[in-house]
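Going by my numbering, the sequence shown opens with residue 238, and the numbers climb by one from there. Virtual Cβ for every residue (Gly too), placed ideally from N, Cα, C. As C-alpha cells, the structure follows; a few thoughts come after it.
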Amino acid sequence: MQKLTLGHDGPTASRIALGCMHLSRAWDATPLTNEERRNTQALLETALTHGINLFDHADIYARGKSERLFGEALRAAPELRRNMLLQSKCGIRFADDPPDTPQRYDFSFDHITASVDGILSRLGVDYIDILLLHRPDPLAQPEEVARAFDDLHAAGKVRHFGVSNHSAGQISLLQKHLRQPLVANQLELSLHHHHLISEGILVNQPDGNAAHAAGLLDFCRLHDIRVQAWAPLAGGRFAGDADDDPVTVLLRKLADAHGVAVEAILLAWLLRHPAGIQPIVGTTNPARLAASCAADTVELSREDWYALLTAARGVKVP
Ligand SMILES: NC(=O)c1ccc[n+]([C@@H]2O[C@H](COP(=O)([O-])OP(=O)(O)OC[C@H]3O[C@@H](n4cnc5c(N)ncnc54)[C@H](OP(=O)(O)O)[C@@H]3O)[C@@H](O)[C@H]2O)c1
Numbered sequence: 238m239q240k241l242t243l244g245h246d247g248p249t250a251s252r253i254a255l256g257c258m259h260l261s262r263a264w265d266a267t268p269l270t271n272e273e274r275r276n277t278q279a280l281l282e283t284a285l286t287h288g289i290n291l292f293d294h295a296d297i298y299a300r301g302k303s304e305r306l307f308g309e310a311l312r313a314a315p316e317l318r319r320n321m322l323l324q325s326k327c328g329i330r331f332a333d334d335p336p337d338t339p340q341r342y343d344f345s346f347d348h349i350t351a352s353v354d355g356i357l358s359r360l361g362v363d364y365i366d367i368l369l370l371h372r373p374d375p376l377a378q379p380e381e382v383a384r385a386f387d388d389l390h391a392a393g394k395v396r397h398f399g400v401s402n403h404s405a406g407q408i409s410l411l412q413k414h415l416r417q418p419l420v421a422n423q424l425e426l427s428l429h430h431h432h433l434i435s436e437g438i439l440v441n442q443p444d445g446n447a448a449h450a451a452g453l454l455d456f457c458r459l460h461d462i463r464v465q466a467w468a469p470l471a472g473g474r475f476a477g478d479a480d481d482d483p484v485t486v487l488l489r490k491l492a493d494a495h496g497v498a499v500e501a502i503l504l505a506w507l508l509r510h511p512a513g514i515q516p517i518v519g520t521t522n523p524a525r526l527a528a529s530c531a532a533d534t535v536e537l538s539r540e541d542w543y544a545l546l547t548a549a550r551g552v553k554v555p
C-alpha cells in the first residue's frame, strides 16, 4: 500500500484507511456480541495484511462500542499497536445526555479533554495519534480549543490534531489560535457526493458553489491539510446490478477492464485526484475490504476519470 503524509511533516499513513464506525452496528446499550468481536478481529487482520495502518474512530460511534471492540482486539494482540495510527474524533453530543438536552456540538475545554480520556480508556491505549474535531461548533472559542489541544499534547495523550466537516474559514480561524498544525480535514466525498471536486469546474457558473465548499479542496492542499474522504464507497449505493444507473454501469465496465471489484474503482477515482485524497473505507466485510485495497494498484486514465465524473454529474463539463 502506498503511503502519504498527514500535514506538512506529520505521521506517515497508508493512503487508504479503515473507518471503524460500524464495528458495532447498534447505537444503544445492548452488549457487544461475540460475532462482532470475531468480525472486528478478522477485519483488523485483513486491514494490516493489506498495508492499512490508519484506523478512524469517533467517541460517538455506536455510543462508544465500536472503540471498545477495537480496544478488546488490541488487548488480545497489543503488539499490533506499534504499526497503527489511531485517529478518533470528539465534539458531538447526543440528545438527552444529560436528560432534556438537544443533540449539539461542544468544543469546550472540559468536553474535549473528557472525551479524549474516554477514547483512551475504550481503546485501551496511552495516546492516540490524531484527534479530529467532528463537526464545527458555532459556539466554539478558538482560544479554549487551543488550551485543550495544548493540555492533551503536553500530557502525551494526543500527538496530532485535525478537523472534520470544516470550511476554509473555520479552519483559518482555529489555526490562528493553535500551536499545533491541523493535519487533516475529513469530509464526505465520493462519486455520489462529489461537490468538493465538481465545484472546481463550476467557477462563475450559475449552478456553482452548491455545497458551500468553494475552494475547500484547494485550501486544504495549499495548507498541507490532508483531505480524508468519508463514505467513499457511497454506502454501497453503486453495488447493485442496476442497468439504468450510468454510474453503476460504468463502474462495472471499468471494474471488469481492470480485473478488480467496483469498490476498487470507486476508490481509484478518489486516489487519481492529485490532492492525495485519503479514503476512509467503512466496510465491516473483510472480503470487501481486501477488494477495496486493490484500488492502490489501479491508475485510472484521464478519460475514464472524467467519464465517471460526467456520469455522476449527469451532464458534461462546461
Ligand atoms: N467525519 C464524519 O462526519 C464521518 C461521517 C460518517 C462516517 N465517517 C467515517 O467514514 C467511514 C466510512 O463511512 P461509511 O461507512 O458511512 O461509508 P462507506 O465506506 O461509503 O460505506 C460503508 C458501508 O456501505 C456498505 N457497503 C459498501 N459496499 C457495499 C456493497 N458492495 N454491498 C453492500 N454494502 C456495501 C458497507 O456494508 P458492509 O459493512 O457490509 O461492507 C458499510 O455499511 C466510517 O467508518 C467513519 O470512520 C466519518
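Is the beta carbon of residue 359 sitting closer than 8 Å to the one on residue 304? yes
Relative to the alpha-carbon of residue 341, which residue among 297, 391, 356 has its alpha-carbon at the smallest distance? 297
Does DSSP put residue 536 in a helix, in a strand, or in coil? coil
How far does the beta strand (DSSP E) with residue 420 in it reach, from first residue to last? 419–425
Is residue 247 a contact residue of ligand 1, with contact defined as CB to any heavy atom under 7 Å? no
In chain order, what are the residue ranges of uninterrupted alpha helix (DSSP H) at least 4 long that sit wholly in the stretch 353–417? 379–391, 405–414
Return helix, strand or coil for residue 437, following the three-state DSSP convention. helix
Contact set for residue 373: own chain, Cβ-Cβ below 6 Å, skip 5 residues either direction: 403, 407
Every unbroken alpha helix (DSSP H) within the stretch 255–323, with a cutoff of 4 residues, ordered by chain: 271–286, 302–313
Take residue 357 and list the residues in its own chain whose beta-carbon comes closer than 8 Å to its own, dropping the five residues that flank it on each side. 363, 364, 365, 394
Could you name the residues of the same chain whose beta carbon sits closer than 7 Å to that of residue 510, not counting the 5 residues immediately before and after it, in chain order? 434
Is residue 382 buried or exposed, if buried means 16 or more other CB atoms sit within 10 Å of its CB? buried
Hey, could you find the ends of the alpha helix (DSSP H) residue 489 is sitting in? 483–495
Going by alpha carbons, who is nearest to residue 329 out of 321, 454, 339, 539? 339
Alpha carbons only, please: which of 502, 458, 491 is nearest the one belonging to residue 469? 502
Go ahead and label residue 352 buried or exposed: buried means 16 or more other beta carbons lie within 10 angstroms of its beta carbon, across all protein chains shown. buried
Residue 527: beta carbon under 7 Å from a heavy atom of ligand 1? no
Less than 8 Å separating the beta-carbons of residue 244 and residue 517? no
Count the CB pairs spanning the stretch 266–278 and the stretch 305–314 that are closer than 8 Å, and state whether there are at least three. yes
Check this for me: beta carbons of residue 283 and residue 527, under 8 Å apart or not? yes
If you measure from the CB of residue 423, is any heavy atom of ligand 1 nearer than 7 Å? yes
For residue 315 and residue 538, the rounded distance between their alpha carbons: 42 Å
If I follow the unbroken beta strand (DSSP E) through residue 466, where does it start and stop? 463–467
Using DSSP with H/G/I as helix, E/B as strand and the rest coil, what is residue 349? helix
Pick from 266, 508, 546: whose alpha carbon is nearest that of residue 239? 508
Can residue 476 be considered in contact with ligand 1, in the sense that its beta carbon sits closer than 7 Å to one or more heavy atoms? yes
C-alpha gap between residue 477 and residue 488, whole angstroms: 11 Å
DSSP beta-bridge partners for residue 329? 342
7 Å Cβ shell around residue 269 - same chain, five flanking residues per side excluded: 261, 302, 305, 306
Hey, how far is the Cα of residue 498 from the Cα of residue 492? 5 Å
Rounded separation between residue 255 and residue 246 - CA only: 22 Å
Nearest candidate by alpha-carbon position, reference residue 344, set 313, 400, 318, 540: 400
Output the distance between the C-alpha atoms of residue 384 and residue 409, rounded to the nearest integer angstrom. 17 Å
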